[in-house]
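**Q** Count along the sequence shown starting at 1, add 838, and that's the number in the working numbering. Heads up, the beta-carbon is just placed ideally off N, CA and C, and yes, glycines get one too.
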Amino acid sequence: MSVFDIGSGTIVPAIVVLAIGFLVGLVLKKTVKLGLAILSLVGLLVATGYINLQLSEPSTATIYRVFTQAPQVASQASTFANILPVTSAAFLVGLAIGVWKG
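Okay, structure coming up:
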């Protein structure tokens, strides 16, 4: 008897968890790439003098509002992270493939 026998119902959940890991890895890689691109663009614009990073009153208010809402966003993100099967080998393999090939 095989470990992944279709009749025993173990292959389908493993493939679903692998697919979830792949999608999470893909989203993670794209998010990191976008963040680095935005950061490098802002750095280039500051270095060439096109933008100035002196904070005005509206900018300070916006930054303050973002940081006051950060704990709520972090709690929602941790709730979402608890749903993911991060201890599953299939999830970790899918995550690695998603980050590598995504």
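#1: Just to confirm before moving on: does the CB-CB distance between residue 928 and residue 864 stay below 8 Å?
#2: Which two residues bound the contiguous alpha helix (DSSP H) that contains residue 851?
#3: On the criterion of 16 or more Cβ atoms from any shown chain inside 10 Å, does residue 839 qualify as buried, or is it exposed?
#4: Please report the straight-line C-alpha distance between residue 934 and residue 901, rounded to a whole angstrom.
#5: Which value, in whole angstroms, describes the spacing of the CA atoms of residue 895 and residue 862?
#6: Are the Cβ atoms of residue 937 and residue 893 separated by less than 8 Å?
#7: Can you tell me whether residue 896 is helix, strand or coil according to DSSP?
#8: Alpha carbon to alpha carbon, how far is residue 880 from residue 912?
#9: Within this structure, are the beta carbons of residue 932 and residue 858 separated by less than 8 Å?
#10: Just how far apart, CA to CA, sit residue 888 and residue 905?
**A** Once the coordinates are examined:
#1: On the sequence shown, position 90 is the one that residue 928 refers to. On the sequence shown, position 26 is the one that residue 864 refers to. Contact: no.
#2: As a working note, residue 851 is residue 13 in the sequence shown. First-last of the alpha helix (DSSP H) with residue 851: 849–886.
#3: Along the sequence shown, one-based indexing puts residue 839 at 1. For residue 839, the predicted model reports a pLDDT of 46, less than 50, meaning its position is unreliable; a value from the coordinates is still stated below. Answer is exposed; the Cβ neighbour count stays below 16.
#4: Taking the sequence shown and counting its residues from 1, the one referred to as residue 934 is at position 96. Taking the sequence shown and counting its residues from 1, the one referred to as residue 901 is at position 63. Taking the straight line joining both Cα atoms gives about 34 Å.
#5: Mapped onto the sequence shown, residue 895 falls at position 57. Mapped onto the sequence shown, residue 862 falls at position 24. Per the coordinates, the alpha-carbon of residue 895 lies some 38 Å from the alpha-carbon of residue 862.
#6: Here residue 937 corresponds to residue number 99 of the sequence shown, with the count starting at 1. Here residue 893 corresponds to residue number 55 of the sequence shown, with the count starting at 1. Going by C-beta atoms, residue 937 is not nearer than 8 Å to residue 893.
#7: Here residue 896 is taken as the residue at index 58 of the sequence shown, counted from 1. Looking at residue 896 - three-state DSSP - the assignment turns out to be helix.
#8: Residue 880 sits at position 42 when you count from the first residue of the sequence shown. Residue 912 sits at position 74 when you count from the first residue of the sequence shown. Straight-line spacing of the CA atoms in residue 880 and residue 912 works out to 25 Å.
#9: On the sequence shown, residue 932 is found 94 positions in, with the first residue counted as 1. On the sequence shown, residue 858 is found 20 positions in, with the first residue counted as 1. Taking 8 Å as the cut-off, the beta carbon of residue 932 is found closer than this to the beta carbon of residue 858.
#10: Residue mapping note: residue 888 aligns to position 50 of the sequence shown, counting from 1. Residue mapping note: residue 905 aligns to position 67 of the sequence shown, counting from 1. Between the alpha carbons of residue 888 and residue 905 lies a gap of roughly 27 Å.
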